[in-house]
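**Q** Handing you this structure, nothing more for now.
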Amino acid sequence: MDPELVEKLAEELKNLKMGAIQGIPLPESTCDIWDQIYNFQAREDDILISTFPKAGTTWMQEIVDLIMLNGDVERSMRAPCFIKVPFIDLHPKPMPSGVDAANAMKSPRLLKTHLPIQLLPPSFWEKNVKVIYVARNAKDCMVSYFHFQRMNKGLPDPGTWNEYFSKFLAGDVPWGSWFDHVIGWGKAKDQHQILYVFYEDILEDPRREIRKISTFLGKDLTEEVLDTIQHHTSFASMKENPMTNFSVLPSVVFDQSISAFLRKGKVGDWKNHFLVSQNIVFDEEYEQKMEGSGLNFRTGL
Ligand code: A3P
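Note that my numbering gives residue 317 to position 258 of the sequence shown, counting from 1, and the numbers run on in steps of one.
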């Protein structure tokens, strides 16, 4: 990356502040352009990937991009994942906002959001856009987000694991409460074109899930193409791929010497972090908050 740009990025990140929209903590640079984000104009042939942070967004981006490209790996490597798929609720100054990047993009577009359902720009519903929602169990999400906030200089420092545990449970992390997010999107899934996919299911049987996603997108792929997509989107392949492993970002943005972006890619890493006492607190709160949601998350495979 151009050293002048790196310097500007570092300067912006030094002044990093958080704000909130309707009580949801978001980077101040997102809040500053909230009107533009909320009034974003979706197009009928957009595909939106929606997730709570760390649920497997980048993984799904690669899967969907390759499905739409009929498994053309060379074309999937045309640009880094964060350029190919505009993140509409982010403005990583001095780079263009996700909204501007999306507006400048030819259709069909693949877009990303972490917004809870109540903050989604209404034009996505008006245009009946297909949405793929990826949900990951809260315990692994919490651990992954903790390490991500340690290395991502565009987000607040997470503090100690103990402090983070309480903040995450209280929804006091960027993009808010995991519980409200998965429940909100879960309720919407039967009213809109939303495919609700679990991270754990993809890890368990990637072929089955890739096929399901292709069908949802109206693509009938050969076994050979499915093979290619499965291989190219495995954790090992994505960790090696400079277009998906974020190695093109300078360490002033993502300091991967602290924690790799493609860190572990497993189900159950929470067991290496949660104290027995934290697990008890978590399970009690989980039961209360998830009661009646109809959502079943797996914390082990
Ligand atoms: P870990 O930190 O647990 O390793 P997001 O893209 O939403 O930020 O999610 C990142 C998480 O998804 C990280 O989790 C990352 O390792 C995991 N991930 C990314 N690609 C993956 C893949 N191909 N297989 C399994 N996990 C993957």
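Heads up, the beta-carbon is just placed ideally off N, CA and C, and yes, glycines get one too.
Pick from E259, K323, H291, V311: whose alpha carbon is nearest that of R357?
**A** The residue given as residue 357 occupies position 298 in the sequence shown. Minimum Cα distance to R357 is reached at E259.
**Q** Could you tell me whether any non-hydrogen atom of the ligand A3P is closer than 7 Å to the CB of M297?
**A** Sequence index remark: in the sequence shown, residue 297 carries index 238 (1-based). Checking every heavy atom of the ligand A3P against the Cβ of M297, one is found closer than 7 Å.
**Q** Output yes if chain D places a C-beta closer than 8 Å to the C-beta of V132; else output no.
**A** The question asks about chain D, but that chain is absent: this structure has only one protein chain.
**Q** Could you pull out every residue in the same chain whose Cβ sits closer than 7 Å to the Cβ of H173, ignoring the five residues on either side in sequence?
**A** Taking the sequence shown and counting its residues from 1, the one referred to as residue 173 is at position 114. If we look at H173 and ignore the five residues flanking it on each side, its Cβ neighbours are T110, F111, P112, D148, W234.
**Q** Does the distance from the C-beta atom of G130 to that of P145 stay below 8 Å?
**A** By 1-based counting over the sequence shown, the position of residue 130 is 71. By 1-based counting over the sequence shown, the position of residue 145 is 86. Cβ atoms of G130 and P145: not closer than 8 Å.
**Q** Return yes when the Cβ of H291 is within less than 8 Å of the Cβ of L125, no when it is not.
**A** Numbered from 1 along the sequence shown, position 66 holds the residue referred to as residue 125. Numbered from 1 along the sequence shown, position 232 holds the residue referred to as residue 291. Cβ distance < 8 Å, so L125 and H291 count as in contact.
**Q** Measure the alpha-carbon distance for I272 versus Y255 and round it to whole angstroms.
**A** One-based indexing of the sequence shown puts residue 272 at position 213. One-based indexing of the sequence shown puts residue 255 at position 196. Their Cα atoms are separated by approximately 10 Å.
**Q** Confirm, please, whether the CB-CB distance from V132 to I191 is below 8 Å.
**A** Looking up residue 191 in the sequence shown gives position 132. Looking up residue 132 in the sequence shown gives position 73. Taking 8 Å as the Cβ cut-off, I191 and V132 do not qualify as a contacting pair.
**Q** Comparing alpha-carbon positions, which option in G359, D91, S225 lies nearest Q337?
**A** The count along the sequence shown starts at 1 and reaches residue 337 at position 278. Among G359, D91, S225, the Cα nearest to that of Q337 belongs to S225.
**Q** May I have the straight-line CA-CA distance separating Q95 from E346, to the nearest angstrom?
**A** For the purposes of this step, residue 95 is identified with residue 36 of the sequence shown, where counting begins at 1. For the purposes of this step, residue 346 is identified with residue 287 of the sequence shown, where counting begins at 1. Approximately 37 Å, taken between the alpha carbons.
**Q** For the region 235-274, list the beta strand (DSSP E) runs that are entirely contained and at least 3 residues long, ordered along the chain.
**A** 253-257
**Q** Quick one: using the 10 Å Cβ neighbour count with 16 as the cut-off for buried, is S88 buried or exposed?
**A** Your numbering for residue 88 matches position 29 in the sequence shown. So S88 ends up on the buried side.
**Q** What first and last residue would you give for the beta strand (DSSP E) that runs through M77?
**A** In the sequence shown, counting from the first residue as 1, residue 77 sits at position 18. First-last of the beta strand (DSSP E) with M77: 77-80.
**Q** Given a threshold of 16 other Cβ atoms within 10 Å of its Cβ, counted over all protein chains shown, does G359 qualify as buried or as exposed?
**A** The sequence position of residue 359 within the sequence shown is 300, counting from 1. Counting Cβ neighbours within 10 Å, G359 comes out exposed, since fewer than 16 surround it.
**Q** Nearer than 7 Å: is that true of the beta carbon of W118 relative to any heavy atom of the ligand A3P?
**A** Within the sequence shown, the letter at position 59 stands for residue 118. Distances between the C-beta of W118 and the heavy atoms of the ligand A3P include at least one below 7 Å.
**Q** If you draw a straight line from the C-alpha of A161 to the C-alpha of L334, how long is it?
**A** Residue mapping note: residue 161 aligns to position 102 of the sequence shown, counting from 1. Residue mapping note: residue 334 aligns to position 275 of the sequence shown, counting from 1. Rounded to the nearest angstrom, the two C-alpha atoms are 42 Å apart.
**Q** Whole angstroms is fine: what's the gap from K67's alpha carbon to D61's?
**A** Here residue 67 refers to the residue found at position 8 of the sequence shown. Here residue 61 refers to the residue found at position 2 of the sequence shown. Using only the alpha carbons, I get a separation of about 10 Å.
**Q** With a threshold of 16 other CB atoms inside 10 Å of the CB of T117, please say whether the residue is buried or exposed.
**A** The sequence position of residue 117 within the sequence shown is 58, counting from 1. Buried: at least 16 other Cβ atoms inside 10 Å.
**Q** Return the CA-CA distance between I83 and F183, expressed in angstroms with no decimal places.
**A** Here the question's residue 83 lines up with position 24 in the sequence shown. Here the question's residue 183 lines up with position 124 in the sequence shown. Rounded to whole angstroms, I83 to F183 spans 20 Å at the Cα level.
**Q** Touch check for the region 322-333 and the region 199-215: three-plus C-beta pairs under 8 Å?
**A** yes
**Q** Looking at the ligand A3P, does it come within less than 7 Å of G115, judged from the CB to the closest heavy atom?
**A** As a position in the sequence shown, residue 115 is number 56, starting the count at 1. Correct: G115 has its Cβ closer than 7 Å to the ligand A3P.
**Q** Shortest alpha-carbon distance to E263 belongs to which of S318, D342, S293, K143?
**A** The residue labelled residue 263 in the question sits at position 204 within the sequence shown. If we check each option's Cα against that of E263, S293 comes out closest.
**Q** Quick one, are the C-beta atoms of I106 and L276 less than 8 Å apart?
**A** Along the sequence shown, read from residue 1 onward, the residue named residue 106 stands at position 47. Along the sequence shown, read from residue 1 onward, the residue named residue 276 stands at position 217. In contact: I106 and L276 (Cβ atoms closer than 8 Å).
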